[in-house]
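Below is one structure, written out as structure tokens, with a few remarks after it.
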Amino acid sequence: MLSNAPFSDYTKVALIRELATNGGLNGMVLGQAIDCYFENRVLSIDDVKILHTNKTAKLIAASLKMGAIIVDKEELGDTLYDFGIKLGLLFQIQDDILDVTQTSQEAGKLTNNDEDKNSFVTLLGLEGALREADELADMLINELNGFEERLKNELSELLLNYINRHKQ
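Residue 1125 in my numbering sits at position 51 of the sequence shown; the count goes up by one each step and never skips.
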């Protein structure tokens, strides 16, 4: 799809490179490999963050950066990428929280199946995971409020419910 997008060849290559880098061996594939390899071993919280930075967060970060690539704002792309990494980690922490606090029907997927996994809840406990999520959510909201007004307004509409979904 990207190769046929209505952008210059330079932009298409930059978008494809960004997606391939973050979805490939240095991103999602690496995170999935770490997850599979350490499936039956307890990891430290820092190792779980590395796993989910690669498995989940880099794809979210890449999607935000790709918007900046399209409008040719490289510096903004780096800022959005860093924001996306934090957003991706928050997504995973929230997913782990919702796995133990919602029914499968509420979550729209099978829940209560992470007891034997390296999740934020199994390593930090529910209260610790909630604290971690609250800290990240507050940090993201502060960063969001520091963006240029138009970008802040556009992203706020999309992201505020998402950033706070563990509180609902």
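We put the CB at the ideal spot given by N, CA and C, even for glycine.
Boundaries of the alpha helix (DSSP H) in which residue i is found, first to last residue
i	result
Met1213	1194-1220
Glu1092	1083-1097
Arg1239	Element bounds for Arg1239: n/a, residue is neither H nor E.
Glu1149	1148-1175
Ala1079	Note, Ala1079: premise wrong, no alpha helix (DSSP H); not H, not E.
Rounded straight-line distance, which links the Cα of residue j to that of residue i
i	j	result
Leu1164	Ser1082	34 Å
Lys1160	Glu1148	19 Å
Ile1090	Lys1132	14 Å
Leu1234	Glu1113	32 Å
Ile1171	Gln1242	11 Å
Ile1108	Leu1125	6 Å
Lys1226	Val1122	30 Å
Asp1152	Leu1117	29 Å
Residue i vs residue j beta-carbon contact at 8 Å
i	j	result
Ile1134	Gly1097	no
Ala1203	Ile1237	no
Gln1168	Ala1207	yes
*Would you mind listing the alpha helix (DSSP H) stretches within the region 1112-1152 that are 4+ residues and don't spill past its ends, in chain order?*
Counting whole runs of 4 or more residues, the region 1112-1152 contains the alpha helix (DSSP H) stretches 1119-1126, 1132-1144.
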